[in-house]
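Undergrad:
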DNA sequence: CTGAAAGCGCTAACAA
DNA sequence: TTGTTAGCGCTTTCAG
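And the structure:
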């Protein structure tokens, strides 16, 4: 900027005024400065601007992982919404370990706000931040005991949708597979349960830490993996599920995750039970492979991109109005009932 | 920092020395300053530090999209490698449009370096940056005509692996589906072709812009989508592929992408051709749904996370040694031959 | 309409 | 061992 000022024979301030379009300035000087800046290929240093204005245009994002499609899609939505208003995403992946440290480091970098998919079990850390008026929007999971902005799927509605679908298909004795390995069940799965039970009063709840088994197998596995693929891993984790279920005359299963649903189907088939004739199985979207499974799998599609978009927008809004009361936004999911007819048939016949 | 200096009764510089652990300082003052800083919850402003040192610890990343698993996984590797050395990822998604602007904006934010999955067809823009000695590592695709660091899959090796696999399975007359919609064929697919042909001298090349069809359908589709799912879309795009192929007595097909491979399988089956008995089909990893398809699909797994890790490490190295000569690192892919036996059988029998 | 000066928070060089 | 000073590049305020 100094060089431009010198070359144009004006002060830094004038250059700034020309470039920013703010403040009174003579048309001729403005043109001259702009031309010189253009020619010199001048680009403002956003870091310096951030330091001065204490507004960086950086938004910190913390997610547990992005290898699965779940957070990748949410992230896509976040980035899109922010790019549209010329903000940038500072991305960190917590991998179940570093959440708080990462949040701190993002704040050190002077992000304007945070979007966090937290795995925290206690509200203390975030309560402190909120008291310091750090703008935060949580996504996907709520932090237990914390009153803060949240954007997530409406899991209750998802439970209702799946229950209604099963009921419409003629099933009557549903089993609900709770899969959590946490001390307190995950809120989202509890919500699904409530929704599910509001339709099926007689639903049977099978509580078992399948998810924990998968994680343990993954950890222990290391190189000597107990299974080649993740789907096989899920199969291993679910192996014990049939005996406890057998005490209940179920005719359909809500398996919480698509991977589990598929494993459950394989498991049932291995025991000579036909799907969906004898027993129906439904999942809940954590992946988009459901297009490809055999037999077709009915599932709930979560509005992932939309969650990201809404979270970003909420955060931007909060930057303008820091006193906005905290609110939870629960977005409706969509039932994806895979027709069992061959999609190809429909396409090739006509 | 000023406040801590005041409270400790020393100069800012001393506080800095205590906190940074650099320069000589009395043990007692050091302790005192550290205690006060701790108590005051002091955290250094990395933005200011960046401005002063002109080293921000920010790495700009540009990818075309992250909804598919491809770049999400690469990104995971990048983030991991950078997090390990306390650097942060500034993520942007170009969505086939804004690549150059995004790169500029990242530079405005004073990133230390860039990792770019470019869709550019011309080297001019990046050549200018490289002349300005901006550290850049490209991933996945090379920019035509540009001599720069690149980390990517060894597509030639991938082509060889698939060809050898097909040969070992007894196939003799392979068809290679080139799917590009670009003026110049994408380098990676050319490499696959070269590798493939080094094994099968008689391979037949079917050149047709299937990929372009898919994109067009996606664009035109809008709400009135011509197909419910992406897999159906691929099927539509491939419909015309069988006639040109029919002129060649092929007994197997290399379909470039898993989605196409699967669509091809369905297409063949719809025409009464059995897979893999009559015709074998192989893909090339762009997704991890191959675990779930029916019939099983043999494919090449690209070392995506590793690409990210290596790219980040290369960039970090280049930050230290700006004069490193540009180099291409091509990482070996892995053949994933899906056994057609039921994985469950293997697990449940014993 | 234009310019001078101060300062965001940190760091590096130099002086005491 | 400690302190003083200057400056990264931009923005704001106040003065001309």
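Residue numbers (the working numbering), protein chains in the order written: chain A, 166 to 515; chain B, 166 to 515.
Ideal placement from N, C-alpha and C gives every residue a C-beta, glycine not left out.
1. Between the alpha carbons of residue 502(B) and residue 353(B), how many angstroms are there, rounded?
2. Is the stretch 445-464 of chain B touching the stretch 475-495 of chain B in the sense that three or more CB pairs, one from each, lie closer than 8 Å?
3. Can you list the residues of chain B that residue 394(A) reaches, using a CB-CB cut of under 7 Å?
4. Would you mind stating whether residue 325(B) and residue 302(B) have Cβ atoms separated by less than 8 Å?
5. Work out the CA separation of residue 237(A) and residue 282(A) for me, nearest whole Å.
6. With a threshold of 16 other CB atoms inside 10 Å of the CB of residue 359(A), please say whether the residue is buried or exposed.
7. Which whole-angstrom value describes the C-beta separation of residue 474(B) and residue 245(B), a residue pair presumed to lie in contact below a C-beta threshold of 8 Å?
8. Say whether chain B places a C-beta atom closer than 8 Å to the C-beta of residue 244(A).
9. Determine whether the beta carbon atoms of residue 226(A) and residue 280(A) lie at a separation below 8 Å.
10. Confirm, please, whether the CB-CB distance from residue 320(B) to residue 362(B) is below 8 Å.
11. With a threshold of 8 Å between beta carbons, is residue 351(A) in contact with chain B?
12. What number of angstroms, rounded off, separates the C-alpha of residue 229(A) from the C-alpha of residue 380(A)?
13. Can you name the residues of chain A whose CB is closer than 9 Å to the CB of residue 277(B)?
14. Taking only the alpha-carbon atoms, compute the straight-line gap between residue 455(B) and residue 488(B) and give it to the nearest angstrom.
15. Give a yes or no on whether the minimum CB-CB distance between residue 237(B) and chain A is below 8 Å.
16. Helix or strand or just coil, what does DSSP make of residue 351(B)?
17. At 9 Å on the CB atoms, spell out the chain B contacts of residue 188(A), in chain order.
18. Leaving out the 5 sequence neighbours to the left and right, which residues in its chain are closer than 7 Å to residue 402(B) when beta-carbon positions are compared?
19. Does any CB atom of chain A fall closer than 8 Å to the CB of residue 473(B)?
20. Tell me the start and end of each unbroken alpha helix (DSSP H) in the stretch 437-492 of chain A that is at least 4 residues and wholly inside, in chain order.
21. What's the gap between the Cα of residue 274(B) and the Cα of residue 222(A)?
22. Taking 8 Å as the CB-CB limit, is residue 509(A) close to chain B?
23. Starting from residue 270(A), trace the alpha helix (DSSP H) both ways and give me its first and last residue.
24. Residues in the stretch 247-278 of chain B with C-beta within 9 Å of chain A's C-beta atoms, listed in sequence order?
25. Which residues, in chain order, does the stretch 420-435 of chain B contribute to contact with chain A at a C-beta distance below 8 Å?
26. What is the DSSP secondary structure of residue 413(B), counted as helix, strand or coil?
27. Would you please state the rounded distance, in angstroms, between the beta carbons of residue 112(A) and residue 418(A)? I believe it to be under 8 Å.
28. Going straight from the alpha carbon of residue 446(B) to that of residue 472(B), what length do you get?
TA: Quick answer:
1. 21 Å
2. no
3. 456
4. no
5. Using only the alpha carbons, I get a separation of about 12 Å.
6. exposed
7. 7 Å
8. yes
9. yes
10. no
11. no
12. Rounded to whole angstroms, residue 229(A) to residue 380(A) spans 14 Å at the Cα level.
13. Per Cβ cutoff of 9 Å: no residues; residue 277(B) is ~11 Å from chain A at best.
14. 42 Å
15. yes
16. coil
17. In chain order: nothing, as chain B lies at least about 22 Å away.
18. Excluding sequence neighbours, residue 402(B) sits near 375, 378, 379 and 382.
19. no
20. As far as the stretch 437-492 of chain A is concerned, its whole alpha helix (DSSP H) runs of at least 4 residues are 469-485.
21. Roughly 10 Å between the two C-alpha positions.
22. Low confidence applies to residue 509(A): its pLDDT is 46, below 50, so where it sits in the model is not reliable enough to give any reading.
23. Residues 264-273.
24. 248, 251, 253, 254, 255, 256, 257, 258, 260, 263, 267, 269, 270, 271, 272, 273, 274 and 275
25. Listed in sequence order: 427, 431, 432, 434 and 435.
26. Note: residue 413(B) maps to coil in three-state DSSP.
27. This structure does not reach residue 112(A), given that chain A is present from 166 up to 515, and the question cannot be answered.
28. 26 Å
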